[in-house]
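Residue numbers (the numbering used here): 19 to 620. Note that CB positions come from ideal geometry on N, CA and C, so glycine has one too. Because the structure is a prediction, the values reported are computed rather than measured.
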């Protein structure tokens, strides 16, 4: 257990803001804290015995101890004695303790207790984990790869990385970012536990960072490496901080800043060294700001780093936040896809490579398919060579176009999400320049996507008759279909999705192409396009009868249709078409009350 590492100064720095859901100060009144600390509290930590030092940082120190009340080993974190009367340091220490305590997750270090004792001043206790941090593991792999690679294979490190992503994603769901993610802050226990440590720099998303006004600073020319944690306007660890952190743009720090840091950790896992070369600290910060680092495969060509993982790493470490993964969940999903031999969104693999991954996912089916293909080649012979050439050419061109369209589609989704965020956060009547530019960019992307998908469909439809039932044609065609419809649904363009649904069903029939999954898929899509909802009606004792009448658009007014239900409440309709309805409520006293209802999509 090494909570405050003396070699990098990162563990004990009480910088940053609270990770609580509250927007107010997480600290107590400093005057009260000083009064509490001045009182002899000899019994405050009397139930802790066997106290031994574990480590020290710039401001704090950690001791191991045994909690005699609960019979467990704990780690006690406190401030160094000469910092216990400094208001700002105490305030940040309290925020770290209270913020971390409210982030309860299996991959976040739990806080047990907070108190005041004569020996420690104000302190809090945490779970004590026997193990080593990720930096120690990576240092071992770099120093002696032949000996340690069997103990720490790449898949093991990726599973550790996914556990870290889970903890960080949970923190983001609570509205806080870590800001100091690095291998030294990731503890791996003896029994597979993975814990993210040192939440001393957490920041509430959208909240002003008090660190920008801090009087606590490190001289930036004191160090020649990027392992120290900085405070003040520049908060974080240089080798793993995002460019916006390095530039001190506090207001722009959000979940994507942590995505960048996770990408830098992935870089260290792949290349077994941090992204940026050791240099004087000011120059290092400039390199971070400008994104001056070599890709992992170029930095360490002898390690045979997978191209997919390099692409994931580089996407997470994009200089501009908009180009990174929109969330930690998206980053983690690409890692899971790689582990499961599925395609990752950040990398378009060559066709042969994708085929090989498919074979690894389905070894039995692949063997059967290979045997079938060999038999077909022998059966058809030379007389089908020309038709086969047309078939293979069309499939190759269609797959290339489909790949281009899918890449453009990923860009379009990011722009669409960006526009949605603008719409949700602004009340301006006139569109901003950012919104106008993003709308124009989205329209251009949609046009390119539609053109490429349409040409790809045309190529699949033009495949010679003997080859139309081959997997490359059917699966390729279905992939284009599903991508187009899914993207329309993603944009809530239900009319477009319905038109595509009808056209493609007809095309499949005319081509004579069938797929056992197609009927179920089209049925599910139709339900999603229709957007049927449900209706539940309850009534008091004074209600005698309720009629439910659908309303239709007329030229000048709404028209009322025949009742679809006429009964005494309670009434439960599980599936009802979206749209407007009038509930005619008849009371026992003979009067009638009209009650309008709108069933939204879904």
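Exercise for review: Go through its chain and collect everything with a Cβ distance to residue 37's Cβ below 6 Å, but skip five positions before and after it.
Suggested key: As a working mapping, residue 37 is identified with position 19 in the chain shown. Because the pLDDT of residue 37 is 38, which lies under 50, any placement of that residue in the model is unreliable, and the question is left without a value.
Point to revise | Exposed unless 16 or more other CB atoms sit within 10 angstroms - verdict on residue 143 | key: Mapped onto the chain shown, residue 143 falls at position 125. Burial call: buried.
Review point. Relative to the alpha-carbon of residue 78, which residue among 341, 140, 432 has its alpha-carbon at the smallest distance?
Key: Reading the chain shown from its first residue, position 60 is the one you call residue 78. Minimum Cα distance to residue 78 is reached at 140.
Practice item. Return the first residue and the last residue of the beta strand (DSSP E) that residue 118 is part of. Key: Locating residue 118 in the chain shown gives position 100, where the first residue counts as 1. Here residue 118 belongs to no beta strand (DSSP E); instead the alpha helix (DSSP H) covers 105-119.
Review point. For residue 231, is the classification buried or exposed, using 16 other Cβ atoms within 10 angstroms of its Cβ as the cut-off for buried?
Key: Along the chain shown, read from residue 1 onward, the residue named residue 231 stands at position 213. With a pLDDT of 44 at residue 231, under the threshold of 50, the modelled position of that residue is not reliable, and no figure is offered here.
Check your understanding: Roughly how many whole angstroms lie between the Cα atoms of residue 166 and residue 184?
Key -> Your numbering for residue 166 matches position 148 in the chain shown. Your numbering for residue 184 matches position 166 in the chain shown. Between residue 166 and residue 184, the C-alpha separation is close to 26 Å.
Review point. Is it true that the CB of residue 409 sits closer than 7 Å to the CB of residue 495?
Key: In the chain shown, residue 495 corresponds to position 477, counting from 1. In the chain shown, residue 409 corresponds to position 391, counting from 1. No.
Point to revise | Chain-order list of residues whose beta-carbon lies under 6 Å from that of residue 539 (same chain, five-residue window excluded) | key: Taking the first residue of the chain shown as position 1, residue 539 is located at position 521. So the list is empty, once near-sequence residues are dropped.
Review point. Straight-line CA distance for residue 415 to residue 286?
Key: On the chain shown, residue 415 is found 397 positions in, with the first residue counted as 1. On the chain shown, residue 286 is found 268 positions in, with the first residue counted as 1. Taking the Cα positions, residue 415 is about 38 Å away from residue 286.
Point to revise | Pair within 7 Å by beta-carbon distance, residue 80 and residue 93 | key: Against the chain shown, residue 80 aligns to sequence position 62. Against the chain shown, residue 93 aligns to sequence position 75. The answer is yes: Cβ separation under 7 Å.
Check your understanding: Whole-angstrom Cβ separation of residue 99 and residue 82, contact assumed at under 8 Å?
Key -> Residue mapping note: residue 99 aligns to position 81 of the chain shown, counting from 1. Residue mapping note: residue 82 aligns to position 64 of the chain shown, counting from 1. That belief does not hold up - the Cβ atoms of residue 99 and residue 82 are roughly 19 Å apart, past 8 Å.
Check your understanding: What are the boundary residues of the alpha helix (DSSP H) that includes residue 494?
Key -> For the purposes of this step, residue 494 is taken as the residue at position 476 of the chain shown. From DSSP, the alpha helix (DSSP H) with residue 494 extends over 489-508.
Review point. Are the CB atoms of residue 516 and residue 543 nearer to each other than 7 Å?
Key: Position 498 of the chain shown, counted from the start, is the residue given in the question as residue 516. Position 525 of the chain shown, counted from the start, is the residue given in the question as residue 543. Contact flag unset, no.
Review point. What is the DSSP secondary structure of residue 122, reduced to helix, strand or coil?
Key: Counting from one through the chain shown, the residue named residue 122 turns up at place 104. Looking at residue 122 - three-state DSSP - the assignment turns out to be coil, as it is neither helix nor strand.
Point to revise | residue 571 versus residue 556: straight-line alpha-carbon distance, rounded | key: The sequence position of residue 571 within the chain shown is 553, counting from 1. The sequence position of residue 556 within the chain shown is 538, counting from 1. Roughly 27 Å between the two C-alpha positions.
Exercise for review: Could you check what DSSP says for residue 192 in three-state terms: helix, strand or coil?
Suggested key: Looking up residue 192 in the chain shown gives position 174. Of the three classes helix, strand and coil, the one that applies to residue 192 here is coil, per DSSP.
Practice item. Would you identify the three-state DSSP class for residue 609, choosing helix, strand or coil? Key: Translated into positions along the chain shown, residue 609 becomes position 591. If DSSP states are grouped into helix, strand and coil, residue 609 belongs with coil.
Check your understanding: Taking the alpha-carbon positions, what's the residue 573 to residue 598 distance?
Key -> Here residue 573 is taken as the residue at index 555 of the chain shown, counted from 1. Here residue 598 is taken as the residue at index 580 of the chain shown, counted from 1. Going from the Cα of residue 573 to the Cα of residue 598 covers about 16 Å.
Check your understanding: Rounded to a whole number of angstroms, what is the C-alpha to C-alpha distance between residue 300 and residue 263?
Key -> Along the chain shown, read from residue 1 onward, the residue named residue 300 stands at position 282. Along the chain shown, read from residue 1 onward, the residue named residue 263 stands at position 245. Rounded to whole angstroms, residue 300 to residue 263 spans 14 Å at the Cα level.
Exercise for review: Take residue 470 and list the residues in its own chain whose beta-carbon comes closer than 6 Å to its own, dropping the five residues that flank it on each side.
Suggested key: Working through the chain shown from its first residue, we reach residue 470 at position 452. Same-chain partners within the cutoff: 419, 422, 423.
Practice item. Mind checking who residue 81 pairs with in its DSSP beta bridge? Key: On the chain shown, residue 81 is found 63 positions in, with the first residue counted as 1. Bridge partners of residue 81: 71, 94.
Review point. Based on the DSSP secondary-structure assignment, which residues constitute the bridge partners of residue 590?
Key: Locating residue 590 in the chain shown gives position 572, counting from the first residue. Bridge partners of residue 590: 554.
Review point. In the structure shown, what three-state DSSP assignment does residue 233 receive?
Key: The sequence position of residue 233 within the chain shown is 215, counting from 1. Low local confidence applies: a pLDDT of 37 at residue 233 is under 50, so the model's placement there is unreliable, with the coordinate-based value given in what follows. Note: residue 233 maps to coil in three-state DSSP.
Check your understanding: Is DSSP giving residue 20 helix, strand or coil here?
Key -> Counted from its first residue, the chain shown places residue 20 at position 2. With a pLDDT of 41 at residue 20, under the threshold of 50, the modelled position of that residue is not reliable, and no figure is offered here.
Check your understanding: Near residue 577, which residues of its chain fall below 8 Å by C-beta distance, leaving aside the five closest residues on each side in sequence?
Key -> Taking the first residue of the chain shown as 1, we reach residue 577 at position 559. Answer for residue 577: 569, 570, 571, listed in chain order.
Review point. Candidates 610, 499, 558: which alpha carbon is nearest residue 473's?
Key: Taking the chain shown and counting its residues from 1, one reaches residue 473 at position 455. Considering only alpha carbons, the answer is 499.
Practice item. Can you have a look at residue 169 and say buried or exposed, based on whether 16 or more other CB atoms are within 10 angstroms of its CB? Key: Reading the chain shown from its first residue, position 151 is the one you call residue 169. So residue 169 counts as exposed.
Review point. Bridge partners of residue 584, per DSSP?
Key: As a first step, residue 584 must be located in the chain shown, where it is residue number 566. Residue 584 is bridged to 565.
Practice item. Would you give the residue range spanned by the alpha helix (DSSP H) that residue 276 belongs to? Key: Looking up residue 276 in the chain shown gives position 258. First-last of the alpha helix (DSSP H) with residue 276: 273-289.
Point to revise | Collapsed DSSP secondary structure at residue 151 in the structure displayed | key: Start at 1 with the first residue of the chain shown, and residue 151 comes out as number 133. Looking at residue 151 - three-state DSSP - the assignment turns out to be strand.
Point to revise | For residue 456, the three-state DSSP class (helix, strand or coil) | key: In the chain shown, residue 456 corresponds to position 438, counting from 1. It is helical.
**Study point:** Euclidean distance between Cα positions of residue 176 and residue 595
**Key:** For this step, residue 176 is matched to residue 158 along the chain shown. For this step, residue 595 is matched to residue 577 along the chain shown. Distance between the alpha carbons of residue 176 and residue 595 is about 46 Å.
Point to revise | Pair within 7 Å by beta-carbon distance, residue 306 and residue 256 | key: Translated into the one-based positions of the chain shown, residue 306 becomes position 288. Translated into the one-based positions of the chain shown, residue 256 becomes position 238. Closer than 7 Å, so yes.
Check your understanding: Sorted by chain position, which residues of the same chain lie with C-beta nearer than 6 Å to residue 324's C-beta, five sequence neighbours on each side aside?
Key -> Within the chain shown, numbered from 1, the residue matching residue 324 stands at position 306. Around residue 324: no qualifying Cβ.
Check your understanding: When DSSP labels each residue in this structure, what does residue 335 get in the three-state scheme?
Key -> Start at 1 with the first residue of the chain shown, and residue 335 comes out as number 317. Three-state result, residue 335: coil.
Review point. In three-state DSSP terms, what is residue 614?
Key: As a first step, residue 614 must be located in the chain shown, where it is residue number 596. Three-state result, residue 614: strand.
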